[in-house]
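Protein chains: 2
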Amino acid sequence: METPGSQSSLHRANLERVVRAVRLAGSLTQAEIARTTGLSAATVSNIVRELKDGGTVEVTPTSAGGRRARSVSLSGDAGIVIGVDFGHTHLRVAVGNLAHQVLAEESEPLDVDASAAQGFDRAEQLVTRLIEATGVDRTKVAGVGLGVPGPIDLESGTLGSSAILPGWIGTRPAEELRGRLGVPVHVDNDANLGALGEMVWGSGRGVRDLAYIKVASGVGAGLVIEGKIYRGPGGTAGEIGHITLDESGPVCRCGNRGCLETFAAARYVLPLLQSSHGTDLTMEGVVRLARDGDPGCRRVIADVGRHIGSGVANLCNLLNPSRVVLGGDLAEAGELVLGPIRESVGRYAIPSAARQLSVLPGALGGRAEVLGALALALSEMGDSTLLDGTLSAATPVFT
Amino acid sequence: METPGSQSSLHRANLERVVRAVRLAGSLTQAEIARTTGLSAATVSNIVRELKDGGTVEVTPTSAGGRRARSVSLSGDAGIVIGVDFGHTHLRVAVGNLAHQVLAEESEPLDVDASAAQGFDRAEQLVTRLIEATGVDRTKVAGVGLGVPGPIDLESGTLGSSAILPGWIGTRPAEELRGRLGVPVHVDNDANLGALGEMVWGSGRGVRDLAYIKVASGVGAGLVIEGKIYRGPGGTAGEIGHITLDESGPVCRCGNRGCLETFAAARYVLPLLQSSHGTDLTMEGVVRLARDGDPGCRRVIADVGRHIGSGVANLCNLLNPSRVVLGGDLAEAGELVLGPIRESVGRYAIPSAARQLSVLPGALGGRAEVLGALALALSEMGDSTLLDGTLSAATPVFT
DNA sequence: CCGTCTATGTCCAACTAGTGAACTCTAAGC
DNA sequence: GCTTAGAGTTCACTAGTTGGACATAGACGG
């Protein structure tokens with residue numbers, strides 16, 4: 001690591017500046033890079049040559065009809081990143097390149113009762129299969145992003161209490177997967193990754209402050225503050241599910257009463273419908289029935305929306321984000337749930353905080369988390385690992 | 001403004017690095033600067049000379065007993081900044097220098113019904129008086145930080161609905177004061193400034209994520225996220241006072257029911273004691289009585305604490321700060337109010353979010369806001385205006 | 001079909017700024 | 001009084017950005 005404040009650090013920063021600009025736009029000519037980065041054309045010329053030699057960037061000799069600009073884009077095979085998302089009933093893996101393109105993606109059901117070891121085995125297999133399917137070289141894998149449905153202690157990397165995957169408590173998922181795949185693995189919880197995914201590819205594009213609310217087995221929020229995921233000093237920011245809505249409400253698994261979860265999470269909501277709609281109902285089922293017009297399901301979903309809206313109103317008063325993106329199974333209900341949320345927010349949030357707020361469904365559905373994991377892997381590479389050209393040499397991966 | 005990525009921007013960054021290091025430590029020798037900033041001794045030598053010539057820094061030829069290190073400190077008279085705080089019953093002004101030293105400070109009562117014009121007149125007079133009292137040259141005033149007890153629209157700079165100073169709604173305080181004093185004025189609401197003050201000088205030192213809760217006529221919070229005041233895209237973050245605690249609670253001035261304010265703010269709490277303790281009770285009075293053992297006041301304060309604790313618990317679940325600092329009149333009650341807050345937080349916040357949380361009283365009392373205003377003025381100068389040595393020449397102030 | 005125009009990308013000399021090494025200086029320690 | 005060691009300065013060197021000159025090649029008008 002060079003000393004900060006030196007010229008070489010400036011150069012490095014300028015390299016990153018260029019890479020970021022290219023990534024953001026997909027592809028740019030050198031002149032455009034110069035304009036967007038503010039660097040001079042000469043510097044850009046040098047930097048592009050350096051990047052090209054390093055293999056991080058590709059220059060397609062002549063672009064479309066234009067004058068004769070050579071368009072610069074991130075080279076697809078300079079390195080690939082992998083996103084892994086453990087959900088509460090599924091495992092999902094995506095493979096992407098540095099150009100933010102998803103090369104392959106697949107999901108498979110995962111037994112809720114699976115042990116952690118089984119889960120990691122399955123993940124390893126699926127990753128291997130997808131890499132082979134895309135035909136890229138395994139040595140090109142630069143990093144893995146991993147999503148788990150529970151709180152991660154950032155210091156130790158251990159998974160805290162997660163009633164969703166009970167067998168996993170106390171494991172260190174990143175270590176575990178790192179051991180199997182031999183590449184750096186970065187872990188975060190599913191709500192944060194969902195937020196990241198929607199921010200990069202989905203309903204959160206262009207917004208710097210947003211909250212991604214994931215309603216599934218539990219209720220969690222991923223907070224994006226000034227363009228960055230905010231985890232809080234202890235790593236547990238975003239626990240919107242355990243905001244107290246009613247001090248004398250139902251007892252929650254966290255030990256308190258009347259948490260938002262007890263009004264909105266699948267595990268508390270589904271039982272309400274079991275006497276009338278049978279016992280093996282899932283949240284997806286409820287949503288489907290509601291869309292088909294089932295009044296009971298509609299009512300339940302509206303009530304859930306109202307409660308979520310109360311929680312979101314609190315969140316808006318405190319953080320005043322410009323957008324709230326709803327994810328998880330429930331988001332499929334569309335206006336059936338968004339309407340009541342907006343209504344509730346309008347009622348309980350102070351007007352100035354709610355005024356410019358937009359409440360949108362996630363654009364990525366169940367893919368938000370894997371894609372977020374991809375984005376995590378990309379961003380944790382620091383945008384600089386990929387610059388020094390030593391990528392394939394420095395990280396002896398697989399064999 | 002130079003282009004980013006140029007060498008001169010690097011140089012500027014290094015200048016700031018040095019100034020920051022010196023400010024943080026109060027005074028350093030060049031060798032120490034080199035060690036803490038990571039710059040080489042030669043570079044530090046150049047930079048110090050440049051800063052000394054520019055007048056931002058002072059070099060005291062020989063320090064105490066040491067070998068023969070020349071200690072470098074921010075020069076006190078390179079420029080001064082002013083903090084102005086309009087409270088709901090007072091006006092407070094502080095004068096400080098670039099070394100973060102407070103040179104003079106004074107407060108005087110301000111009639112609640114005063115018109116905005118009257119208020120600004122008074123502020124101008126007090127500022128003038130204090131500048132004269134300190135004996136510094138008026139041309140040295142580099143900027144003013146201004147605190148107002150209500151939401152400020154960051155775009156337009158207008159003061160939103162404030163039931164605290166009714167005559168002020170729609171005014172543009174920064175413009176107003178700028179017109180009178182002829183210097184750049186930066187405005188923010190009192191809770192944010194209190195947070196800034198406590199962060200720089202008070203109970204928040206060394207913490208990067210904290211919430212400053214100000215309980216006075218209303219209840220507001222100033223959020224510090226990763227070392228920076230967070231205002232939210234709309235500028236209204238931190239409105240903890242209007243979190244809903246009880247959907248069927250008392251009607252709040254904001255139009256909702258059961259807001260935290262209706263359980264904690266002076267305007268709602270004092271009436272509870274008027275039948276037993278007389279009608280001209282103030283919050284300070286209640287606190288004093290409680291400290292003296294009055295059971296009614298103790299009970300009221302404890303109840304307020306419990307409710308604040310509920311709000312803080314929500315805040316912790318969402319943001320997971322490492323510290324909560326209590327400000328405003330109520331903070332004087334010490335453990336009488338902090339105990340119930342902690343208890344309530346422990347009960348309603350999820351354990352992992354509350355574990356490393358410390359709840360402390362503000363260390364600055366009623367001065368937090370003015371000092372925060374000073375800090376705002378300093379920081380809005382960008383810590384770089386003060387570097388280019390053109391300070392006194394560039395801003396023709398007063399006469 | 002050809003000359004001119006214009007925007008792109010490259011090259012080079014100039015300049016800015018940080019760094020290591022050598023050097024000077026001064027108080028402390030013996 | 002001599003030595004020593006850390007502090008600060010000077011200087012030559014190097015890294016890296018920049019403006020301007022230059023080559024290039026499509027677009028446009030005739």
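The listed protein sequences derive, respectively, from chains X and A.
Each residue of the first sequence is one higher than the one before, counting from 1 in UniProt numbering.
Each residue of the second sequence is one higher than the one before, counting from 1 in UniProt numbering.
Idealized CB from N, CA, C, for every residue including glycine.
- [ ] Under 6 Å Cβ to Cβ from A/Gly66, same chain only, skipping five residues before and after it: list those, please.
- [x] On the second sequence, residue 66 of chain A is found 66 positions in, with the first residue counted as 1. Caution applies to A/Gly66, whose pLDDT of 46 falls short of 50 and renders its modelled position unreliable; the value that the coordinates give is listed next. No residues qualify anywhere along the chain.
- [ ] Determine, using beta-carbon pairs with one atom in the stretch 278-291 of chain X and one in the stretch 321-334 of chain X, whether at least three such pairs fall under 8 Å.
- [x] yes
Task: Span of the beta strand (DSSP E), counted from its first residue to its last, around A/Gly96 - done: As a working note, residue 96 of chain A is residue 96 in the second sequence. Run containing A/Gly96: His90 to Asn97, per the beta strand (DSSP E) assignment.
Task: Distance between A/Pro184 and A/Glu176 (C-alpha atoms, nearest Å) - done: The count along the second sequence starts at 1 and reaches residue 176 of chain A at position 176. The count along the second sequence starts at 1 and reaches residue 184 of chain A at position 184. About 11 Å.
TODO: Return the residue from the list X/Asn46, X/Val219 and X/Leu154 that minimises the CA-CA distance to X/Val187.
DONE: Within the first sequence, numbered from 1, the residue matching residue 187 of chain X stands at position 187. Among X/Asn46, X/Val219 and X/Leu154, the Cα nearest to that of X/Val187 is on X/Leu154.
TODO: Look at the Cβ atom of X/Glu58, then the Cβ atom of X/Ser75, and state whether they are nearer than 7 Å.
DONE: Along the first sequence, one-based indexing puts residue 58 of chain X at 58. Along the first sequence, one-based indexing puts residue 75 of chain X at 75. Cβ distance < 7 Å, so X/Glu58 and X/Ser75 count as in contact.
Open item on the list: Counting C-beta neighbours from all protein chains within 10 Å, is the total for A/Leu387 16 or more, i.e. buried, or is it exposed?
Closed with: The count along the second sequence starts at 1 and reaches residue 387 of chain A at position 387. For A/Leu387, the predicted model reports a pLDDT of 35, less than 50, meaning its position is unreliable; a value from the coordinates is still stated below. Buried, because 16 or more other Cβ atoms sit within 10 Å of the Cβ of A/Leu387.
Open item on the list: Taking 7 Å as the threshold (beta carbon to beta carbon), is A/Asn189 in contact with chain X?
Closed with: Your numbering for residue 189 of chain A matches position 189 in the second sequence. A/Asn189 does not count as touching chain X.
Open item on the list: List, in chain order, every chain X residue whose beta-carbon is nearer than 7 Å to that of A/Gly238.
Closed with: As a working note, residue 238 of chain A is residue 238 in the second sequence. Leu318, listed in chain order.
Task: Validate contact between the stretch 4-14 of chain A and the stretch 123-139 of chain X using beta carbons, cut 8 Å, 3 pairs - done: no
Task: Under 8 Å by beta carbon: chain A residues contacting X/Asn314 - done: In the first sequence, the residue the question calls residue 314 of chain X occupies position 314. Those are Ile243, Thr244, Asn314 and Leu318, listed as they occur along chain A.
- [ ] Go ahead and pull the three-state DSSP assignment for X/Glu247.
- [x] The residue labelled residue 247 of chain X in the question sits at position 247 within the first sequence. Of the three classes helix, strand and coil, the one that applies to X/Glu247 here is coil, per DSSP.
Open item on the list: Nearest by alpha-carbon distance to A/Gly55: which of A/Ala69, A/Gly79, A/Ala266 and A/Arg70 is it?
Closed with: Taking the first residue of the second sequence as position 1, residue 55 of chain A is located at position 55. The option with the nearest alpha carbon to A/Gly55 is A/Gly79.
Task: Residues in the stretch 4-20 of chain A having any Cβ partner in chain X nearer than 9 Å - done: Correct list: Pro4, Gly5, Ser6, Gln7, Ser9, Leu10, Ala13, Asn14 and Arg17.
Task: Residue closest to X/Gly38, alpha-carbon to alpha-carbon, out of X/Lys52, X/Gly346 and X/Ala21 - done: As a working mapping, residue 38 of chain X is identified with position 38 in the first sequence. It is X/Ala21.
TODO: Under 8 Å Cβ to Cβ from X/Cys297, same chain only, skipping five residues before and after it: list those, please.
DONE: The residue you call residue 297 of chain X lines up with position 297 of the first sequence. Closer than 8 Å at Cβ, skipping near neighbours: Leu273, His277, Val286, Val287, Leu289 and Ala290.
Open item on the list: Closer than 8 Å between beta carbons: that is the criterion. Which residues of the stretch 322-348 of chain X meet it against chain A?
Closed with: Contact residues of the stretch 322-348 of chain X toward chain A are Ser322, Arg347 and Tyr348 (C-beta to C-beta distance below 8 Å).
TODO: Helix, strand or coil for X/Glu58, going by three-state DSSP, please let me know.
DONE: For the purposes of this step, residue 58 of chain X is taken as residue 58 along the first sequence, with counting starting at 1. Strand at X/Glu58.
Task: Selected residue, minimal CA-CA separation from X/Trp201, among X/Gly255, X/Ala363 and X/Asn192 - done: Here residue 201 of chain X refers to the residue found at position 201 of the first sequence. If we check each option's Cα against that of X/Trp201, X/Ala363 comes out closest.
Open item on the list: Is there a Cβ of chain X sitting closer than 7 Å to that of A/Gly234, yes or no?
Closed with: One-based indexing of the second sequence puts residue 234 of chain A at position 234. Yes - at least one Cβ of chain X is within 7 Å of the one on A/Gly234.
Task: Local Cβ density within 10 Å of A/Thr244, reported as buried at 16 or more and exposed below that - done: Residue numbering aside, residue 244 of chain A sits at position 244 when the second sequence is read from its first letter. Buried is the call here.
Open item on the list: I'd like to know if X/Asp209 contacts chain A, where contact means its C-beta is closer than 7 Å to some C-beta of that chain.
Closed with: For the purposes of this step, residue 209 of chain X is identified with residue 209 of the first sequence, where counting begins at 1. At least one CB atom of chain A sits nearer than 7 Å to the CB of X/Asp209.
TODO: Please compile the residues from chain A whose C-beta is within a distance smaller than 9 Å of the C-beta of X/Cys297.
DONE: Position 297 of the first sequence, counted from the first residue, corresponds to residue 297 of chain X. Around X/Cys297, no beta-carbon contact reaches into chain A at under 9 Å, the shortest distance being about 24 Å.
- [ ] Taking the CB atoms as reference points, tell me whether X/Thr171 and X/Ala114 lie closer together than 7 Å.
- [x] Start at 1 with the first residue of the first sequence, and residue 171 of chain X comes out as number 171. Start at 1 with the first residue of the first sequence, and residue 114 of chain X comes out as number 114. No, the pair does not count as a contact, with Cβ atoms beyond the cut-off.
TODO: Give me whichever residues DSSP pairs with A/Lys228 in a beta bridge.
DONE: Your numbering for residue 228 of chain A matches position 228 in the second sequence. According to DSSP, which records beta bridges pairwise, A/Lys228 is partnered with A/Ile225.
Open item on the list: What would DSSP say about X/Ala333, mapped onto helix, strand or coil?
Closed with: The sequence position of residue 333 of chain X within the first sequence is 333, counting from 1. Three-state result, X/Ala333: helix.
Task: At least 3 beta-carbon pairs within less than 8 Å: the stretch 207-221 of chain A vs the stretch 196-214 of chain X - done: no
TODO: Grab the span of the alpha helix (DSSP H) containing A/Glu175 for me, first residue to last.
DONE: Along the second sequence, one-based indexing puts residue 175 of chain A at 175. First-last of the alpha helix (DSSP H) with A/Glu175: Pro173 to Leu181.
Open item on the list: Mapping the DSSP letters down to three states, classify X/Leu281 as helix, strand or coil.
Closed with: For this step, residue 281 of chain X is matched to residue 281 along the first sequence. In the structure shown, X/Leu281 sits in coil (DSSP, three-state: anything other than H, G, I, E or B).
Open item on the list: Between X/Pro109, X/Ala174, X/Asn97 and X/Pro233, which has its C-alpha nearest A/Gln356's C-alpha?
Closed with: Counted from its first residue, the second sequence places residue 356 of chain A at position 356. Here the closest residue by C-alpha is X/Pro233.
TODO: Taking A/Pro361 as part of the beta strand (DSSP E), name the residues at either end of that continuous run.
DONE: As a first step, residue 361 of chain A must be located in the second sequence, where it is residue number 361. Residues Ser358 to Pro361.
Open item on the list: On a Cα-Cα basis, can you pick out the residue from A/Ile47, A/Ser217, A/Ala237 and A/Ser27 that is closest to A/Pro271?
Closed with: The residue you call residue 271 of chain A lines up with position 271 of the second sequence. Nearest option by C-alpha distance: A/Ser217.
TODO: In the DSSP assignment, find the unbroken alpha helix (DSSP H) run with A/Arg372 in it and report its ends.
DONE: To locate residue 372 of chain A, count along the second sequence from 1; it is residue 372. Sequence inspection shows Gly at residue 372 of chain A; the Arg mentioned does not correspond to that position. Element bounds for A/Gly372: Ala368 to Glu380.
TODO: Can you pull the chain X residues whose beta carbon is under 7 Å from the beta carbon of A/Ser352, in chain order?
DONE: For the purposes of this step, residue 352 of chain A is taken as residue 352 along the second sequence, with counting starting at 1. Near A/Ser352 (Cβ distances below 7 Å), the residues of chain X are Pro151, Gly160, Gly234 and Thr236.
- [ ] Count the C-beta pairs between the stretch 224-243 of chain X and the stretch 308-316 of chain X that are closer than 8 Å, then say yes if the count reaches three, no if not.
- [x] yes
Open item on the list: Give me the chain X residues within the contact set of A/Gly310, using Cβ-Cβ distance strictly less than 9 Å, ordered along the chain.
Closed with: In the second sequence, residue 310 of chain A corresponds to position 310, counting from 1. In the sequence under discussion, the amino acid at residue 310 of chain A is Ser, which differs from the Gly named in the question. Neighbours of A/Ser310 on chain X, chain order: Thr244 and Glu247.
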